[in-house]
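This report concerns only the one structure given below.
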Ligand code: AMP
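Numbering (our numbering), first residue to last: 25 to 326.
Right, here's the structure in full:
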């Protein structure tokens, strides 16, 4: 079993009410790979960086069993850069800057050995690139998960609508679900979005948890309540990595198992937000994950 992850590997500059950083390593695919590495020993990365990206980070990914053969390095160009500022409640943020750099002309090449990956995680990226990756798969993956954001809805909606037709699970946040469906009620929004093609929909609600839908069922998991939230960046990606990683490990894509995967995703996301950038998701271990999972179970059982 293996997971193919496509998404940004990036530099981020982040401002929250509690912290501010210059350029640090981020990117949707970085968080996804790190998070799913707790479940899967076979993660294949397709992305692109510039010559300015630290080689030590690429080595760190390799040490965590992440195959970087599909990571293109454009020595003469600059890595994708994103900067954002969080509002006081930390549930919403403004994008201050998005410099596409290497991403502008990114032509994803899926190495032959990745083309039969069983699980495909199309991380947040241009919908056109997500479609190109889907097309290169030799065999239909057991599960395709697609994550996206308002930036692509604002600028590439027709492409995005095409891409989501083919996926098993779409993950977006509550604002994006409202934007995509034109509905305020998330239940009505979910019905409309599922009619657009995806078999399942996950709506992430930040500190208010996550909802999972298919055509007939619905499941809700809260976010783990934390004393310290330092930086929410990458929470959604860590969630997605935990979600798909758990499904790959258990080889079970039923709705019932997806419920557990949502809880694992929430656990992994809870670690990411406790520190700046990728610091915590890089440093935690299985023991910490299992302890938090137990606390999570206690929290929701009555
Ligand atoms: P999240 O907080 O889970 O939404 O993910 C934040 C990560 O997404 C950051 O590390 C950014 O580098 C990356 N990111 C921000 N904007 C974009 C974009 N338009 N496309 C792809 N990745 C992005």
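Glycine included, C-beta positions come from ideal geometry on N, C-alpha and C.
task = Within the same chain, show all residues whose beta-carbon is closer than 7 Å to that of residue 53, passing over the 5 residues directly before and after it, in chain order.
result = To locate residue 53, count along the chain shown from 1; it is residue 29. Within the same chain, residue 53 has close Cβ partners 29, 30, 31, 32, 33, 69, 71 and 147.
inquiry  = So if DSSP puts residue 188 in a beta bridge, which residue, or which two residues, is it bridged to?
reply    = The count along the chain shown starts at 1 and reaches residue 188 at position 164. Partner(s): none; residue 188 has no beta bridge.
inquiry  = Let me make sure I understand the geometry here. Which of 235, 229, 324 and 277 has the alpha-carbon closest to that of residue 144?
reply    = Reading the chain shown from its first residue, position 120 is the one you call residue 144. For residue 144, the nearest C-alpha among the options comes from 277.
inquiry  = Spatial neighbours of residue 202 within its chain, please: C-beta separation below 8 Å, excluding the five flanking residues on both sides.
reply    = Mapped onto the chain shown, residue 202 falls at position 178. Hits under 8 Å: 208, 210 and 213.
query = So, using beta-carbon positions, are residue 217 and residue 141 closer together than 8 Å?
reply = Taking the first residue of the chain shown as 1, we reach residue 217 at position 193. Taking the first residue of the chain shown as 1, we reach residue 141 at position 117. Against a cut-off of 8 Å, the Cβ pair of residue 141 and residue 217 comes out as no contact.
ask   = What residues are listed by DSSP as bridge partners for residue 193?
value = To locate residue 193, count along the chain shown from 1; it is residue 169. Looking at the DSSP assignment, residue 193 forms a beta bridge with 169 and 224.
message = Quick check: is any heavy atom of the ligand AMP less than 7 Å from the C-beta of residue 225?
response = Working through the chain shown from its first residue, we reach residue 225 at position 201. No, the beta carbon of residue 225 sits no closer than 7 Å to any heavy atom of the ligand AMP.
Through-space distance from residue 64 to residue 275, alpha-carbon basis = Position 251 of the chain shown holds residue 275. Position 40 of the chain shown holds residue 64. If I take the Cα positions, the gap works out to 11 Å.
query = According to the neighbour-count rule (16 or more other Cβ atoms, all chains shown, within 10 Å of its Cβ), is residue 324 buried or exposed?
reply = Your numbering for residue 324 matches position 300 in the chain shown. Label assigned to residue 324: exposed.
inquiry  = Does residue 119 pass the burial test, meaning 16 or more other C-beta atoms within 10 Å, or should it be called exposed?
reply    = Residue numbering aside, residue 119 sits at position 95 when the chain shown is read from its first letter. Residue 119 comes out exposed.
request  = Kindly indicate which three-state DSSP category residue 178 falls into: helix, strand or coil?
outcome  = Along the chain shown, read from residue 1 onward, the residue named residue 178 stands at position 154. Helix, per DSSP.
message = If you measure between the beta carbons of residue 126 and residue 102, is that distance less than 8 Å?
response = Reading the chain shown from its first residue, position 102 is the one you call residue 126. Reading the chain shown from its first residue, position 78 is the one you call residue 102. The answer is yes: Cβ separation under 8 Å.
ask   = Tell me, which residues are paired with residue 122 by DSSP?
value = Locating residue 122 in the chain shown gives position 98, counting from the first residue. According to DSSP, which records beta bridges pairwise, residue 122 is partnered with 106.
query = My guess is that residue 292 and residue 255 are in contact by the Cβ rule of under 8 Å, so how many angstroms apart are they, rounded?
reply = Within the chain shown, numbered from 1, the residue matching residue 292 stands at position 268. Within the chain shown, numbered from 1, the residue matching residue 255 stands at position 231. The pair is not a contact, with the Cβ atoms about 15 Å apart (cut-off 8 Å).
query = For residue 91, is the beta carbon positioned less than 7 Å from some heavy atom of the ligand AMP?
reply = In the chain shown, counting from the first residue as 1, residue 91 sits at position 67. Answer for residue 91: no, Cβ out of range of the ligand AMP.
ask   = What distance in whole Å lies between the Cβ atoms of residue 223 and residue 197, which are believed to be in contact at a cut-off of 8 Å?
value = Position 173 of the chain shown, counting from 1, holds the residue named residue 197. Position 199 of the chain shown, counting from 1, holds the residue named residue 223. Not quite, the Cβ-Cβ distance comes to about 19 Å (not below 8 Å), so this is no contact.
Coil, strand or helix - residue 316 by DSSP = Within the chain shown, residue 316 is the residue found at index 292, counting from 1. Looking at residue 316 - three-state DSSP - the assignment turns out to be helix.
task = Rank 186, 177, 221 and 272 by C-alpha distance to the C-alpha of residue 165 and give the top, closest one.
result = Position 141 of the chain shown, counting from 1, holds the residue named residue 165. For the residues 186, 177, 221 and 272, the minimum Cα distance to residue 165 belongs to 272.
ask   = So is the beta-carbon of residue 201 under 7 Å away from any non-hydrogen atom of the ligand AMP?
value = Position 177 of the chain shown, counted from the first residue, corresponds to residue 201. Incorrect: residue 201 has no Cβ contact closer than 7 Å to the ligand AMP.
message = What I want to know is whether the C-beta of residue 78 ends up closer than 7 Å to one or more non-hydrogen atoms of the ligand PLP.
response = With respect to small molecules bound, the structure shown includes the ligand AMP and not the ligand PLP.
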